[in-house]
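Student:
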Amino acid sequence: MKYSSLEITEQEYLIKLRKDDFDLPFIYQLLKRIQTEQYFFSKKEFEPEEDIISRNLASDGAARFDRLCDK
């Protein structure tokens, strides 16, 4: 990574990498991971239907058995 550069402006980031140092599939994988982590950290609150614990507590307990002692 001899000739890489990072340019930061108020609206964007520009990263320049040499093709000899990085292959395109790696760059795609890196961008996908950044987008995934950005989505993960942007979710501050869970909706009750998205939260597994809340969904299980809200469901009808008589309809199914979760513990052996309930049977």
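Counting from 1 along the sequence shown, just add 716 to a position and that's the residue number in the working numbering.
All C-beta atoms, glycine included, are put in the ideal place defined by N, C-alpha and C.
Going by Cα to Cα distance, which pick from Gln754, Ser721, Ser758 is closest to Lys732?
Tutor: Walking along the sequence shown from the start, residue 732 turns up at place 16. Nearest option by C-alpha distance: Ser721.
Student: Sort Leu747, Asp736, Pro741, Lys718 by Cα distance to Tyr702 and report the nearest one.
Tutor: Because the chain here runs from 717 to 787, residue 702 falls outside it and cannot be looked at.
Student: Using 9 Å as the threshold, is the C-beta distance between Arg734 and Tyr744 below it?
Tutor: Taking the first residue of the sequence shown as position 1, residue 734 is located at position 18. Taking the first residue of the sequence shown as position 1, residue 744 is located at position 28. No, these two residues do not count as a Cβ contact at 9 Å.
Student: Classify Tyr755 as helix, strand or coil using the three-state DSSP reduction.
Tutor: Residue numbering aside, residue 755 sits at position 39 when the sequence shown is read from its first letter. Of the three classes helix, strand and coil, the one that applies to Tyr755 here is helix, per DSSP.
Student: Rounding to the nearest angstrom, what Cα-Cα distance links Phe757 and Ile750 in this structure?
Tutor: For the purposes of this step, residue 757 is identified with residue 41 of the sequence shown, where counting begins at 1. For the purposes of this step, residue 750 is identified with residue 34 of the sequence shown, where counting begins at 1. Rounded to the nearest angstrom, the two C-alpha atoms are 11 Å apart.
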